[in-house]
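Heads up, the sequence shown is in my numbering, so the first residue is 3 and it goes up one at a time. Note that the Cβ used here is the ideal one computed from N, Cα and C, for glycine as well.
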Amino acid sequence: RVTTPSTPTTVTTSLSTTTAPPTTLAPSKVRVLVLNGWTTRHAALYFQKKLSGAGYDTLAPTNATTEANRVSHIFVVSTGDNANGLAIAAFLSLSPSAVVAPTPANDAAVPAAMLRQADLVLVVGGDISSQVPANYNG
Numbered sequence: 003r004v005t006t007p008s009t010p011t012t013v014t015t016s017l018s019t020t021t022a023p024p025t026t027l028a029p030s031k032v033r034v035l036v037l038n039g040w041t042t043r044h045a046a047l048y049f050q051k052k053l054s055g056a057g058y059d060t061l062a063p064t065n066a067t068t069e070a071n072r073v074s075h076i077f078v079v080s081t082g083d084n085a086n087g088l089a090i091a092a093f094l095s096l097s098p099s100a101v102v103a104p105t106p107a108n109d110a111a112v113p114a115a116m117l118r119q120a121d122l123v124l125v126v127g128g129d130i131s132s133q134v135p136a137n138y139n140g
């Protein structure tokens with residue numbers, strides 16, 4: 003019996019790895035606190051009503067510790083809510099970079115007692131305050 007040497011065969015497999023997009027919760031499951039961080043009167047109320055109208059569970063709006071926030075931020079209290087923060091940023095025409103985790107270096111506008119009352123805290127800055135209609139009072 004004659005055997006012929008076999009040539010080793012190399013099988014290359016390609017695994018496709020895709021990252022599933024982050025999952026967002028239904029808006030009614032996301033609690034949002036809106037703070038006015040700019041000089042536009044009733045801006046927090048305006049955006050609270052806008053988010054509430056979109057189905058978000060919103061708390062009563064109030065003021066940030068300062069009215070000098072040129073840029074709006076959405077503070078994500080729990081990293082699991084990052085996708086929800088991005089969804090709100092898109093809804094309000096904010097850049098994804100507006101969605102941040104609170105740190106001592108960036109959350110001075112949020113009163114400490116309020117930071118953990120909601121899943122997300124929106125500080126309305128000058129960049130979107132122009133969306134508030136003139137003489138808006140709710």
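8 Å CB neighbourhood of Gly-127 in its chain, flanking five on each side removed: For Gly-127, where only same-chain residues beyond five positions count, the Cβ hits under 8 Å are Gly-39, Trp-40, Asn-71, Arg-72, Val-73, Ser-74 and His-75.
CA-CA distance, Pro-106 and Ala-136? Roughly 34 Å between the two C-alpha positions.
Out of Ser-54, Ala-46 and Pro-63, point me to the one whose CA is closest to Ser-30's CA. The shortest C-alpha separation from Ser-30 is found at Ser-54.
Does the Cβ-Cβ distance between Thr-67 and Ala-103 come in under 8 Å? No, they are not a contact pair.
Can you find the residues in the same chain that come closer than 6 Å, C-beta to C-beta, to Phe-49, ignoring five residues on each side of it along the sequence? The residues Val-36 and Val-126, in chain order, have a CB closer than 6 Å to that of Phe-49 in the same chain once the five nearest residues on each side in sequence are set aside.
List in chain order: all unbroken beta strand (DSSP E) runs of 3+ residues lying wholly within the segment 40 to 95. When DSSP assignments are scanned along the segment 40 to 95, the uninterrupted stretches of beta strand (DSSP E) that are 3 or more residues long and fall wholly within it turn out to be 75 to 78.
Would you kindly check if the distance between the Cβ of Leu-122 and the Cβ of Phe-77 is under 8 Å? Yes. Within cutoff.
What's the gap between the Cα of Tyr-138 and the Cα of Lys-51? C-alpha separation (whole angstroms): 12 Å.
Going by the CB atoms, is the gap between Ala-45 and Val-134 shorter than 8 Å? A contact, by the Cβ cut-off of 8 Å.
Comparing C-alpha positions only, which one of Ala-111, Asn-108 and Asn-84 sits nearest to Pro-98? The candidate whose alpha carbon is nearest that of Pro-98 is Asn-84.
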